[in-house]
Amino acid sequence: MLPPDNLLSPEAVSDPHGFLRRLREHDPVFWSPRHKVWILTAHADVARLLLDRSLSTAQGIGSFRQRLGAQHAGLLHHAMSLLDGWMLFRDPPEHTRLRDPVRRAFTPAMVERLVPRIERHVATLLDGLPDPCDLVADFAQPLTAMVICDLLGIDLSEREFLREWARDFGRLIYGASSRDASYLDAVASAGDRFHARFSECLARKRAEPDDSVLSHLLAVSQAEQWTQAEILGACSMLLFAGHDTTSALLASGTRALLRHPDSLAALRADAARLPAAVEELLRHDGPSKTFIRVPVAPMQIGGHAVAAGQHLWLSILGANQDPAVFAAPERLDIARDPNPHLAFGAGIHFCLGSALARAEARAAFGGLLARFPRLRFADDQPHRWSPTLVDRSLLALPLRLH
Ligand code: HEM
Numbered sequence: 532m533l534p535p536d537n538l539l540s541p542e543a544v545s546d547p548h549g550f551l552r553r554l555r556e557h558d559p560v561f562w563s564p565r566h567k568v569w570i571l572t573a574h575a576d577v578a579r580l581l582l583d584r585s586l587s588t589a590q591g592i593g594s595f596r597q598r599l600g601a602q603h604a605g606l607l608h609h610a611m612s613l614l615d616g617w618m619l620f621r622d623p624p625e626h627t628r629l630r631d632p633v634r635r636a637f638t639p640a641m642v643e644r645l646v647p648r649i650e651r652h653v654a655t656l657l658d659g660l661p662d663p664c665d666l667v668a669d670f671a672q673p674l675t676a677m678v679i680c681d682l683l684g685i686d687l688s689e690r691e692f693l694r695e696w697a698r699d700f701g702r703l704i705y706g707a708s709s710r711d712a713s714y715l716d717a718v719a720s721a722g723d724r725f726h727a728r729f730s731e732c733l734a735r736k737r738a739e740p741d742d743s744v745l746s747h748l749l750a751v752s753q754a755e756q757w758t759q760a761e762i763l764g765a766c767s768m769l770l771f772a773g774h775d776t777t778s779a780l781l782a783s784g785t786r787a788l789l790r791h792p793d794s795l796a797a798l799r800a801d802a803a804r805l806p807a808a809v810e811e812l813l814r815h816d817g818p819s820k821t822f823i824r825v826p827v828a829p830m831q832i833g834g835h836a837v838a839a840g841q842h843l844w845l846s847i848l849g850a851n852q853d854p855a856v857f858a859a860p861e862r863l864d865i866a867r868d869p870n871p872h873l874a875f876g877a878g879i880h881f882c883l884g885s886a887l888a889r890a891e892a893r894a895a896f897g898g899l900l901a902r903f904p905r906l907r908f909a910d911d912q913p914h915r916w917s918p919t920l921v922d923r924s925l926l927a928l929p930l931r932l933h
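Read in order, the letters of the sequence shown are residues 532 to 933 in the numbering used here.
Following this line, the structure appears as structure tokens:
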């Protein structure tokens, strides 16, 4: 009998790991009759396919565009034009053209320079936390929005705008079960708002350049003859990719630590464990659920004939809990070594913000655990997760601090 394959069922949303394990045990290259896609859950397959340059991400977004139809494409003009500038949905050589200037503007040295500010933001937010608090709304989301403001060189007062924008634009990216009647209006408005706000912001940066990623990006992209739409697209990609994912990690990582008191105690006792612990939190229940790749020619995967144009859903969560690579994968082992998780992807689309995400996570977990020795769940209600295919993020995480 086939295992259940509805990745949007309440069961799969709340416990994707058990669900993906059953799919992997049945067949790690699983044709889903429901979603009409291949779901891949073995680490070896996902790692190899992320590196396979013959697979397309652009075709995934192309079919999405077609489904929207001409009428909606008009309404969503600005939103779709932002997406056109997302390197994530482009194949080489376009991908290289869009990634290279961002990579040159967003350097490791720039991340290093941001660390003291990140630590200050952590301290400020921890100072102001109510007790009980919702770690998502009161800490994780504001922190990641503040860091993105710093990164782009925009005023911290913009963080509310960024947070709301990311929420609304997320409905375009995450789609699926969140497509209710207000879906199109929210996404269209997010596209229009971003276009207006960031067009002004770019004009200011052009007039008064500074040391932010945005100014560097403007300089590099001028040399590369990028269009204004491409610059806006890159900004929106950085903003979106940097906001939701990192905030999801801070919340799900805190939840995982509280559910594993031994690991929590070991981490409190020795802060030098933090970098390895962050890697394990990324692996154990990280923010990226699934990424789509599309073969442009027929191929064989795990004994299955995959046709050109069929969608492959590469399950990052599934790969990161594959017992063939990770012993006792459901256990949080903050000293796990080696830890070849795929939370930041691999290959040409490897996450450009991984150094920043790691720096934020170290500062946030370090600050939170040091400040609140009695940190615990505020209640025993089941946790609610975002009901999407792509992201694994908690909607709220109520905690007691003292
Ligand atoms: C814990 C936090 C994060 C996680 C788990 C994460 C995960 C990922 C993953 C899995 C990919 C590859 C997607 C694919 O192959 O289809 C990716 C791409 C990307 N990420 Fe991150 N990310 C995080 C934080 C950030 C931050 C903070 C930024 C920037 C501010 C960022 C910027 C990007 C960009 C620009 C890409 C596209 C790269 C490309 O297509 O060439 N990410 N991220």
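Backbone N, C-alpha and C define an ideal beta-carbon position, used for all residues, glycine too.
Computed from a predicted structure; not experimentally measured.
Secondary structure of residue 558, DSSP reduced to three states
The residue given as residue 558 occupies position 27 in the sequence shown. In this structure, residue 558 counts as coil in the three-state DSSP scheme.
Spell out the partners DSSP gives residue 570 in its beta bridges.
In the sequence shown, counting from the first residue as 1, residue 570 sits at position 39. Residue 570 is bridged by DSSP to 561, 844.
Is the region 808-818 touching the region 882-896 in the sense that three or more CB pairs, one from each, lie closer than 8 Å?
The region 882-896 is in contact with the region 808-818.
State the CB to CB distance for the pair residue 552 and residue 852, rounded to an integer number of angstroms; the pair is presumed to be in contact (CB under 8 Å).
Position 21 of the sequence shown holds residue 552. Position 321 of the sequence shown holds residue 852. With a Cβ gap of about 7 Å, residue 552 and residue 852 count as contacting.
Does residue 755 have its Cβ less than 9 Å from a Cβ in chain C?
Although the question refers to chain C, the structure presented lacks it and comprises just one protein chain.
Which term fits residue 775, buried or exposed, when burial requires 16 or more other beta carbons within 10 angstroms of its beta carbon?
Reading the sequence shown from its first residue, position 244 is the one you call residue 775. By the C-beta density criterion, residue 775 is buried, having at least 16 other C-beta atoms within 10 angstroms.
For the alpha helix (DSSP H) holding residue 815, just list the boundary residues, first then last.
Sequence index remark: in the sequence shown, residue 815 carries index 284 (1-based). Unbroken alpha helix (DSSP H) run through residue 815: 805-816.
Does any heavy atom of ligand 1 sit closer than 8 Å to the C-beta of residue 570?
To locate residue 570, count along the sequence shown from 1; it is residue 39. Incorrect: residue 570 has no Cβ contact closer than 8 Å to ligand 1.
Using a Cβ-Cβ cut-off of 7 Å (strictly less than) and excluding sequence neighbours within five positions of residue 741, which residues of its own chain qualify?
Taking the first residue of the sequence shown as 1, we reach residue 741 at position 210. The beta carbon of residue 741 sits closer than 7 Å to the beta carbons of 684 from its chain, once the five residues preceding and following it are set aside; these are given in chain order.
Would you tell me roughly how many angstroms separate the C-alpha atoms of residue 804 and residue 782, rounded to the nearest one?
Here residue 804 corresponds to residue number 273 of the sequence shown, with the count starting at 1. Here residue 782 corresponds to residue number 251 of the sequence shown, with the count starting at 1. Distance between the alpha carbons of residue 804 and residue 782: 19 Å.
Proximity test, residue 677 beta-carbon vs ligand 1 heavy atom, cut-off 8 Å:
Sequence index remark: in the sequence shown, residue 677 carries index 146 (1-based). Residue 677 Cβ: outside cutoff for every heavy atom of ligand 1.
Name the two residues that bound the continuous beta strand (DSSP E) containing residue 930.
As a first step, residue 930 is located in the sequence shown; it is residue number 399 there, counting from the start. It spans 929-931 - the beta strand (DSSP E) in which residue 930 sits, taken as one unbroken run.
Comparing the CB of residue 875 with every heavy atom of ligand 1, is any distance shorter than 8 Å?
Working through the sequence shown from its first residue, we reach residue 875 at position 344. Taking 8 Å as the cut-off, one finds at least one heavy atom of ligand 1 near enough to the beta carbon of residue 875.
DSSP on residue 858, reduced to helix/strand/coil?
Stepping through the sequence shown from its first residue, residue 858 is reached at position 327. Per DSSP, reduced to three states, the secondary structure at residue 858 is coil, with no helix or strand assignment.
Quick test of your reading: residue 914 and residue 932, contact by CB under 8 Å. State the CB separation rounded to the nearest angstrom.
Sequence index remark: in the sequence shown, residue 914 carries index 383 (1-based). Sequence index remark: in the sequence shown, residue 932 carries index 401 (1-based). No, residue 914 and residue 932 are not in contact; Cβ-Cβ is about 18 Å, not under 8 Å.
In its own chain, which residues sit with a C-beta less than 6 Å from the C-beta of residue 828, not counting the 5 before and 5 after it?
As a working note, residue 828 is residue 297 in the sequence shown. If the five residues before and after residue 828 are omitted, its C-beta is found closer than 6 Å to the C-beta atoms of 839, all from its own chain and listed in chain order.
For residue 846, which of 614, 619, 559, 643 has the nearest alpha-carbon?
Numbered from 1 along the sequence shown, position 315 holds the residue referred to as residue 846. When only C-alpha atoms are compared, the closest one is 559.
Extent of the continuous alpha helix (DSSP H) run through residue 679
Numbered from its first residue, the sequence shown carries residue 679 at position 148. In this chain, the alpha helix (DSSP H) harbouring residue 679 covers 672-683.
Indicate whether the contact test is met: 3 or more Cβ pairs, each with one atom in the region 712-727 and one in the region 623-638, closer than 8 Å.
No, because fewer than three Cβ pairs between the region 712-727 and the region 623-638 fall closer than 8 Å, the two stretches do not touch.
Who pairs with residue 837 in a beta bridge, going by DSSP?
To locate residue 837, count along the sequence shown from 1; it is residue 306. Answer is 830, bridged to residue 837.
Roughly how many whole angstroms lie between the Cα atoms of residue 709 and residue 921?
Position 178 of the sequence shown, counting from 1, holds the residue named residue 709. Position 390 of the sequence shown, counting from 1, holds the residue named residue 921. Confidence at residue 709 is low in this model, with a pLDDT of 49, below 50, so its placement is unreliable and no value can be given for it.
Under 8 Å by Cβ, that's how I've got residue 653 and residue 894 pegged, so tell me the actual separation to the nearest angstrom.
Counting from one through the sequence shown, the residue named residue 653 turns up at place 122. Counting from one through the sequence shown, the residue named residue 894 turns up at place 363. 5 Å between Cβ atoms; contact.
Three or more C-beta pairs closer than 8 Å, one from the region 639-649 and one from the region 603-612: is that the case here?
Short answer: they don't touch.
Measure the alpha-carbon distance for residue 770 versus residue 713 and round it to whole angstroms.
Residue numbering aside, residue 770 sits at position 239 when the sequence shown is read from its first letter. Residue numbering aside, residue 713 sits at position 182 when the sequence shown is read from its first letter. One C-alpha to the other measures close to 23 Å.
Burial state of residue 675 (16 or more Cβ within 10 Å)
For the purposes of this step, residue 675 is identified with residue 144 of the sequence shown, where counting begins at 1. Buried.
Quick check on this structure: which residue in 539, 541, 548 has the alpha carbon closest to the alpha carbon of residue 859?
In the sequence shown, counting from the first residue as 1, residue 859 sits at position 328. Among 539, 541, 548, the Cα nearest to that of residue 859 is on 548.
I need the DSSP call for residue 758, collapsed to helix, strand or coil.
Position 227 of the sequence shown, counted from the first residue, corresponds to residue 758. In the three-state scheme derived from DSSP, where H, G and I count as helix and E and B as strand, residue 758 is classed as coil.
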